[in-house]
Each structure stands twice: as C-alpha cells, then as structure tokens.
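Please read the structure below before turning to the comments.
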Amino acid sequence: MTRVVIAPDSFKGTITAADAAESIARGWRSVDPATEIVLRPMADGGEGTVSAFAAAVAGSERMPLTVDGPAGARVETDWLLLPASEDAPRGTAVIDLASTSGIELLDELRPFDAHSGGFGQAIAAALDHGVSRLVLGIGSSASTDGGLGMLAALGARFIDAEGLDVEPGARGLLRVAAVDLSGLRAAPEVLVLSDVTNPLTGARGAAHVFGPQKGLVDTADRNSVDAALAHLADLLGLDESTSGAGAAGGVGGALVVWGARLVPGAGEVARLISLASEVHAADAVITGEGSYDGQSGDGKVPSFVAALAADAGVPALIIAGRITVDADRGLFAASASLTDLAGSADAALAEPAHWLTAAGAVLAESVFRTD
Ligand SMILES: Nc1ncnc2c1ncn2[C@@H]1O[C@H](COP(=O)(O)OP(=O)(O)O)[C@@H](O)[C@H]1O
Ligand SMILES: O=C(O)[C@@H](CO)OP(=O)(O)O
C-alpha cells in the first residue's frame, strides 16, 4: 500500500470532514508511516459544502449576514463569494442551507415550526449583491416545509382558505390553499447541489424518509405532511417524482420551481477537488460519514466515493460512526464502526477524533494483513 486517499463527509454533530480526514490519517500512519496519504475532505450539499468551496477556490470571500434561523432566533452566518469569471462576470455566490436553516442550529427538534426562511434570506442577500450565478447546497435541514419559507423570503405568497398568509413551517404547509408567485424574484443561473436524490413525496419522499430525524415521529403526522407536499406540488406545477425534490424537506422541489438545475452534490464537490484523478492514482480510498445506513445509497458521499473507486479498480474502505444492518457493506472491501470500536454510541460520540484515529489504524492493519 503506497498511496491512500482519505475522502470522508463530515460526521454530523461531532466532527468536520477536514478534521475527520486528519484523524483517520493519524491512525493509518501509526501502522504504516511510509504510506503517502492524500487528504480530500468531501461534502455533498449538506453541512460543510461552503467550507469545501472556501478551501478549494483561491480568492473566495466570506460574506457575513444575519438571518432568521430555523426556529426563528437570529443566526449569524455567511455566504461565499467566488471571484468573477468569464461565465459569471459578477461572481458566484455559494450558500448552504445547513448554515442558515440547518438541523444543527436547533436546540430541540421542531417538526411543525422549523422553516427554511433563513436560506431564502441569504439567497436574497446574494441577489442584492448582484452575483451572476448561485450555487446552493441543500441537505441537513431542520424542516419539512416544502421550501415555503425560502420561496416566501424571495417574494412568493402562500395563502390559506381565508386568503391570509400561512404561518411558517410544516404547520403552514398543511394549510396552504393557494399560491401567488407574482412577487417572486427572478432567478439568475442557479445550480443546486443536493445531498440526496429522493422524490418529494411517497415512501421515499421528504416526510417519510427524513421526517423522523426532524421529529415527525408519528406515522399519521408524516402522512399528513406527505399529502400537504403533494398538494403544494400540484399548486406549483411541480413533478413530485423529480430526483432531489425531496432534499431538505422539499426545498429541492421549490428550487426547481424557481428555475434551478439540481445535481447530486457529491459529484460536483468531487469535481471541484479533482477527486477522481486522485482516486485513480491511489492504491485505496477511505471514505466515511456519521451514520452509514439505508439512506446512504441515495447520492451520499460514501456511495459516490465507492463508485469512483470501482471505476478506478481501487478498493474502497469505510469508517462510520455507526453502520446499520440495512447499509450496503458490499460496496466496501473493509469497514470500521466507531460505535463498535468504542463499545457504545455515547463513547464514540464523545471522542470522535480519538476513535477515528483508532479506526484508521484498524483499517490499515486489515489491509496489511491481506497484502
Ligand atoms: N462520532 C460518532 N459516533 C457515533 N455516531 C456518530 C458519530 N458522529 C455522528 N454519528 C451519528 O451519525 C448521525 C449523522 O449522520 P451523518 O451520516 O453524519 O449525516 P447525514 O446522514 O444526515 O448526512 C448522527 O445523528 C449520529 O447518530
Ligand atoms: O435535510 C434533509 O432533509 C436531508 C435530505 O436532504 O438531509 P440529511 O440527510 O443530510 O439530514
């Protein structure tokens, strides 16, 4: 083993992608100091997307602003201004929803009241600045509001049966009777990096798949929100089956209505950091995320990196905070779970860097045992 690429996503709630990659490298080097290690922290549109661009694009500038967070309290955040280029003469704004309306900004889950308004406010700020192009990362959201909050911040109106504006969040979504897009700001060129490819509704849709992690724990509640998303799609003329429309609680679908183009985020970030050529030149690639589970096949970082590795004929290895029984282990030549190594989820969550280093060593040993 002479060259190893380490390309994890962040481990949500515990450690950034960059720190995770360094910790894994430390563990690998403790087994084989001679291996050349290439660090390529990844993101998929969810948290860490702006950071990945900031690290990769020279001359980019953080633009601070304050928005209404997912629970209403003000959040100090920023968007990223990429330098002007031939095809974007007034610059490109990169904004991630995780930094304005993300689940990690909540003190407690608010399945009916959390909303995506702050993301719309940040987009409006970038439009006010006059940028030529928007690159929007979506994922890691706190809400299932169908993108109502975001579109409202951009000038749309969502009206109840009495003709009044509905309240923010899924609570308002459940009562929408009509939409008025006449005041919606015009979209420039908008590229959306989506962390998942799920449709808006149904068994693989926003409410049923990502609702529970946001607090929509009752099946009856998820069914109501799912039906409300379907109604919203009808009103907006959106095809519910659009790939990625179910990302970030339906923000993906709302952005399609605004005229955006949705692409799988992992692929776009990988292109930016030249991951494919690094993987081709490697003897193995290590990826990872907090929870490697049944959702991870839908365009998330580990399955994307595994596909790149398969194309290159290079073995892929995975480290995750936990690996559930429904996860597809078959994509990887070896795996390590921090929860198993630490003996409990609490222990793994308490010291992520320590257990990532241990996992890096375990994977290196497994490779050298079979060499
Ligand atoms: N160090 C860790 N040890 C154990 N589990 C972790 C660790 N870090 C994150 N997790 C688990 O991973 C979950 C987040 O999953 P992750 O894959 O990072 O995000 P997502 O699936 O939303 O992209 C957390 O809720 C937590 O349960
Ligand atoms: O925000 C969400 O609804 C989901 C899917 O986009 O993101 P994550 O799986 O990262 O929590």
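Heads up, the sequence shown is in our numbering, so the first residue is 19 and it goes up one at a time.
No residue lacks a Cβ here, since even glycine has one placed at the ideal position from N, Cα and C.
- Less than 9 Å separating the beta-carbons of serine 134 and leucine 115? yes
- Message: What would DSSP say about glutamate 126, mapped onto helix, strand or coil?
- Response: coil
- Message: Within 10 Å of its beta-carbon, does alanine 299 have 16 or more other beta-carbons around it, so buried, or fewer, so exposed?
- Response: exposed
- Message: Which residue wins for smallest C-alpha separation from isoleucine 177, given the options Leu191, Thr53, Gly165, Ala245?
- Response: Leu191
- CB of proline 320 within 9 Å of CB of phenylalanine 350, strictly: yes
- Item | Cα-Cα separation, alanine 365 to phenylalanine 29 | Annotation: alanine 365 to phenylalanine 29 spans about 15 Å, alpha carbon to alpha carbon.
- Task: With DSSP collapsed to three states, give me the class of phenylalanine 29.
- Result: strand
- Query: Should proline 370 be counted as a contact of ligand 1 given a C-beta to heavy atom distance under 8 Å?
  - Reply: yes
- Message: Can you tell me whether threonine 237 sits near ligand 1, meaning its C-beta is under 8 Å from at least one heavy atom of the ligand?
- Response: no
- Since I believe alanine 179 is in contact with alanine 195 (beta carbons under 8 Å), could you give me their beta-carbon distance rounded to a whole number of angstroms? About 4 Å separates the CB atoms of alanine 195 and alanine 179; that is less than 8 Å, so the two are in contact.
- Task: Look at glycine 229 and valine 243 and say whether their C-beta atoms are less than 9 Å apart.
- Result: yes
- Query: Which residue or residues does DSSP assign as beta-bridge partners of valine 385?
  - Reply: According to DSSP, valine 385 bridges with nothing at all.
- Identify the continuous alpha helix (DSSP H) that holds leucine 356 and give its terminal residues. 356-360
- Query: In whole angstroms, what is the alpha-carbon distance linking alanine 25 and leucine 99?
  - Reply: Here the C-alpha atom of alanine 25 lies approximately 25 Å from the C-alpha atom of leucine 99.
- Message: Need the endpoints of the beta strand (DSSP E) that phenylalanine 228 sits in, please.
- Response: Annotation: phenylalanine 228 is outside any beta strand (DSSP E) and is labelled neither H nor E by DSSP.
- Based on Cα-Cα distance, which residue from Arg193, Ala324, Met60 lies nearest to valine 303? Ala324
- According to DSSP, which residues form a beta bridge with alanine 334? Val303
- Item | Within 9 Å, strictly: CB atoms of alanine 160 and alanine 89 | yes
- Item | Inter-residue Cα distance where the pair is arginine 387 and proline 282 | Looking at the two C-alpha atoms, the distance is approximately 36 Å.
- Message: Just checking alanine 299 against ligand 1 - is the residue's beta carbon closer than 8 Å to any of the ligand's heavy atoms?
- Response: no
- If you draw a straight line from the alpha carbon of alanine 225 to that of alanine 377, how long is it in whole angstroms? 34 Å
- Query: With DSSP run on the structure shown, which of helix, strand or coil describes phenylalanine 176?
  - Reply: strand
- Query: So is the beta-carbon of isoleucine 33 under 8 Å away from any non-hydrogen atom of ligand 1?
  - Reply: yes
- Do valine 85 and alanine 140 come within 9 Å of each other at the CB atom, strictly closer than that value? yes
- Message: Out of Ala382, Gly87, Glu54, which one is the CA nearest neighbour of alanine 171?
- Response: The shortest Cα separation from alanine 171 among Ala382, Gly87, Glu54 belongs to Gly87.
- Message: Taking only three categories from DSSP, how would you classify alanine 204?
- Response: coil
- Query: Would you say glutamate 207 and serine 261 are within 9 Å of each other, going by their C-beta atoms?
  - Reply: no
- Have a look at alanine 251 and alanine 278 and give me their C-alpha separation to the nearest angstrom. 16 Å
- Message: Less than 8 Å separating the Cβ of glycine 135 from some heavy atom of ligand 2?
- Response: no
- Of all the alpha helix (DSSP H) runs that stay within the bounds of the stretch 80-165, which reach a length of 4 or more residues? 116-119, 135-147
- Task: Run the CB neighbour count on glycine 331, radius 10 Å, all protein chains shown included, and call it buried at 16 or more, exposed below.
- Result: exposed
- Item | For glutamate 185: DSSP bridge partner residues | DSSP, once it has assigned bridges, lists no residue as partnering glutamate 185.
- Can you give me the start and stop residues for the alpha helix (DSSP H) that isoleucine 42 sits inside? 35-49
- Query: Measuring CB to CB, does tryptophan 46 end up less than 9 Å from alanine 379?
  - Reply: In this structure, alanine 379 lies closer than 9 Å to tryptophan 46 by Cβ.
- Message: Here's a check: name, in chain order, each residue in its chain whose Cβ is nearer than 6 Å to the Cβ of leucine 169, leaving out the five neighbours to either side.
- Response: Ala272
- Apply the 10 Å Cβ neighbour rule to asparagine 216 and answer buried if 16 or more other Cβ atoms are within range, or exposed otherwise. buried
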